[in-house]
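Taking it in order: structure first as structure tokens, then the write-up.
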Amino acid sequence: MFLRGPRSVRLRTQILLLQIAVVGLTLGLAFGVFAYVSGDRLSGEYGQRALAIARTVASDPQVRAAVARYADSPLPAGPALRQELADGELEQIADSARLRTGALFVVITDDAGIRLAHPDPARLGEMVSTDPSRALAGGEVVIQEHGTLGESVRAKVPVLQPDAVSGGRVVGEVSVGISTAAVHDQLLGDLRRAGLLVGGALLAGIAGSVLLARRWHGLTLGLEPSELAELVREQDAVLHGIGEGVVAVDAAWRTTVVNEEARRLLGIDPEPGSAVEAIGLTPRVLEAFRAADGHPVQAAVGDRIVVVTGRTVTREARTLGAVLSVRDRTDVESLTRQLDAVSTMSTVLRAQRHEFANRLHLLNGLLHTGRPDEATRYLGELLGSGPLGATLPGVDAIRDPYLQAFLAAKAAHARERGVHLRLGPNTWIDANLAAPVDVTTVLGNLLDNAIDAAAAGGDGAVSLVEVELVQEDATLHIAVADSGAGVDPAVADSIFAEGVSTKSGGGPGGRGLGLALARQVARARGGEVLLGDPGGVREDSARLPGAEFIARMPGVLTEQEAAWTEES
């Protein structure tokens, strides 16, 4: 188990909290910017509204005439002036505009800044509380100020004399203010609506973060970063430390891991993420990988014999992919073939020893019974025929003793199966074997298949196998025919493929490898193994009706001492 501290927080929790914090901070900043921009926008809108009201009042002919009249004559301060102004038309026009537009105030002054109209009659006849100089100088002003009626966004517009044309004399000003409380109320309404949207966005962000955290948990199988790092270290150590090749794929059958041993044994060099069909596996290896049933399958890859095993990888009832393990069996197969060759030689030697012992017993009996003439004739017969002559007629045409013994053993094996093995009339080998293991691998597989086919029955009344061996310099030519039923045309084109067999009991790791191995060994020496004739009905009655295989193996014969004697 992987250990974590008692106070450690799981990564998905950290990511969830971080995402919530980021979403919250982002939405908070966005809300703040929106509030600032909205406040500035509303202030500008209300300022333009106040300016429009002020322009309307300032352009009123009655206002211009009344203000010009007050500007042309001095204003005596006192209660009489306030009462006159409170009852005057300017106050009525200003109050009407204020009530109609909802403004905080509409104030009219003369060219000295004396209030001629004001919402508070007590303020009439007094100097305005804010600076009127820019408006009295002929300019328009929009500004936020604090006056006698409180904080407001106000606009100040000059009042021109009635007969003035463009550039006429300024006789007063109109100041219109809208309370900032109204601006704030409008801003709060906008912010409440924006707050609802921000809250919804925050909840959506939190929900998305929770879903992402769950997705993370599923993708990492609930493992923490420290656990994942430890798994990667262990995987790297295991994959490069074991003597087996490993190929791993995900659930979509795309390669995720291929260690160096697998690259060497399978002869592949795939890019990560490649489809398993495109990485260069042989059909037999690919079939075993796709099956992923845990059964070992023996296959030939290049000049190697490997055993591959495919297994499905699951975790918590969830299929994660498959793994193919590859073990090199080349050396084992080579040793097995050598052991088979030694076993064959041993069998033949035991048979010869038994045969010689019987003959010596007969000769001993003749001598002890006083019959020397018969003993002499018997010795002459023994000298005229070798020990293998009766076993396999014509074997004397083969010079190499090892090959003679091998063929004699195969003939004995064939007799046990009820099959007669004979040498072809053109058989002639006047050299020794330079590669006995390779030759017996190819020849043995072809003979075994022919014996099985002949024993299974065919068109002929007698089960028969004919093998013909011909020397061409250092090249050995082999032809093996049988009296069986021949090769099914349906598999004739694929008979050399791994896993293809005409015999019962085939399957992964079982039959279907002999011919592929024989062809592989021959091709490794620059030769070939071919199906010369699939068999069937023949017009030439001198030829056997079954299948005929031919092989060519360059460089396996030599004039030097036999290789098997040197090895032994």
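Letter 343 of the sequence shown, counting from 1, is numbered 1699 in the numbering used here, and no numbers are missing. Built from N, CA and C at the ideal position, the CB exists for glycine as well.
Is the beta carbon of residue i within less than 7 Å of some heavy atom of the ligand NAD?
i	result
Leu-1372	The ligand NAD is absent from the structure shown, which contains no ligand whatsoever.
Using the beta-carbon count (16 or more within 10 Å), is residue i buried or exposed?
i	result
Met-1909	buried
Thr-1796	buried
Gly-1726	exposed
Ala-1563	exposed
Ser-1702	exposed
Gly-1902	buried
Ala-1907	buried
Ala-1436	exposed
Thr-1670	exposed
Val-1378	exposed
Ser-1535	buried
Asp-1466	buried
Leu-1759	buried
Ser-1699	exposed
Thr-1567	Checking the sequence shown, residue 1567 turns out to be Leu, not Thr. Looking at its Cβ environment, which holds fewer than 16 other Cβ atoms inside 10 Å, Leu-1567 is exposed.
Glu-1529	buried
Which value, in whole angstroms, describes the spacing of the CA atoms of residue i and residue j?
i	j	result
Phe-1762	Ala-1585	59 Å
Glu-1583	Gly-1636	34 Å
Ala-1678	Ala-1569	27 Å
Ala-1846	Ala-1753	38 Å
Asp-1541	Val-1393	15 Å
Arg-1619	Ala-1791	29 Å
Gly-1403	Thr-1382	31 Å
Leu-1779	Val-1826	11 Å
Asn-1714	Gly-1721	11 Å
Val-1843	Leu-1873	18 Å
Arg-1733	Ala-1656	56 Å
Gly-1524	Gly-1388	47 Å
Ala-1768	Leu-1900	21 Å
Ala-1391	Arg-1589	52 Å
Asp-1649	Glu-1643	11 Å
Gly-1574	Ser-1565	14 Å
Leu-1748	Leu-1777	8 Å
Ile-1376	Gly-1561	7 Å
Leu-1544	Ser-1452	29 Å
Just to check my reading of the structure: residue i and residue j have Cβ atoms closer than 8 Å, yes? What is that Cβ distance to the nearest angstrom?
i	j	result
Asp-1684	Val-1653	Rounded, the Cβ-Cβ distance is 14 Å, inconsistent with contact.
Arg-1490	Lys-1512	7 Å
Arg-1438	Gly-1481	5 Å
Leu-1516	Arg-1411	Their Cβ separation, rounded to whole angstroms, is 12 Å, which puts Leu-1516 and Arg-1411 out of contact at 8 Å.
Gly-1774	Ser-1819	6 Å
Trp-1609	Ala-1631	7 Å
Ala-1427	Val-1509	Rounded, the Cβ-Cβ distance is 27 Å, inconsistent with contact.
Gly-1495	Ala-1406	Incorrect: roughly 15 Å between the Cβ atoms, too far for contact.
Ala-1414	Pro-1514	7 Å
Gly-1666	Ala-1647	6 Å
Leu-1676	Ala-1607	6 Å
Ala-1770	Ile-1807	5 Å
Val-1682	Glu-1627	Not a contact, Cβ separation roughly 19 Å.
Arg-1471	Val-1463	6 Å
Thr-1611	Val-1603	7 Å
Please name the residue or residues paired with residue i in a DSSP beta bridge.
i	result
Leu-1680	Val-1603, Gly-1666
Trp-1784	Val-1826
Val-1927	This structure cannot settle anything about residue 1927, because the visible part of the chain is limited to 1357 through 1924.
Ala-1656	Ile-1661
Glu-1301	Because the chain spans 1357 through 1924 in this model, residue 1301 falls outside it and cannot be assessed.
Thr-1675	Thr-1670
Glu-1904	Ala-1837, Asp-1889
Asp-1649	Arg-1667
Of the residues the options, which one's Cα is nearest the Cα of residue i?
i	options	result
His-1474	Arg-1671, Ala-1468, Arg-1454, Thr-1369	Arg-1454
Thr-1504	Gly-1842, Pro-1514, Thr-1486, Val-1532	Thr-1486
Gln-1876	Lys-1766, Phe-1852, Gly-1888, Pro-1890	Phe-1852
Pro-1757	Ala-1604, Leu-1789, Leu-1587, Asp-1625	Leu-1789
Val-1823	Ile-1785, Ser-1850, Val-1847	Ile-1785
Ile-1834	Leu-1887, Pro-1477, Val-1641, Leu-1718	Leu-1887
Gly-1380	Gly-1551, Thr-1665, Asp-1541	Gly-1551
Ala-1880	Val-1566, Leu-1779, Gly-1658, Ser-1452	Gly-1658
Phe-1905	Leu-1558, Ala-1812, Asn-1801	Asn-1801
Gly-1870	Gly-1891, Gly-1506, Val-1798	Val-1798
Ala-1811	Asp-1476, Leu-1567, Ala-1837, Arg-1456	Ala-1837
Thr-1914	Gly-1882, Arg-1899, Glu-1828	Glu-1828
Phe-1537	Leu-1553, Val-1530, His-1502	Before going on, a small fix: residue 1537 reads as Ala here, not Phe. Ranking Leu-1553, Val-1530, His-1502 by Cα distance to Ala-1537 puts His-1502 first.
Arg-1397	Phe-1645, Asp-1546, Gly-1384, Gly-1469	Asp-1546
Ile-1371	Ala-1673, Trp-1572, Ser-1531	Trp-1572
Pro-1890	Leu-1735, His-1651, Ala-1604, Ala-1809	Ala-1809
Glu-1447	Gly-1400, Val-1484, Gly-1506, Pro-1477	Pro-1477
Gly-1506	Asp-1519, Ala-1459, Leu-1723, Leu-1492	Ala-1459
Ala-1386	Gln-1418, Val-1885, Leu-1558	Leu-1558
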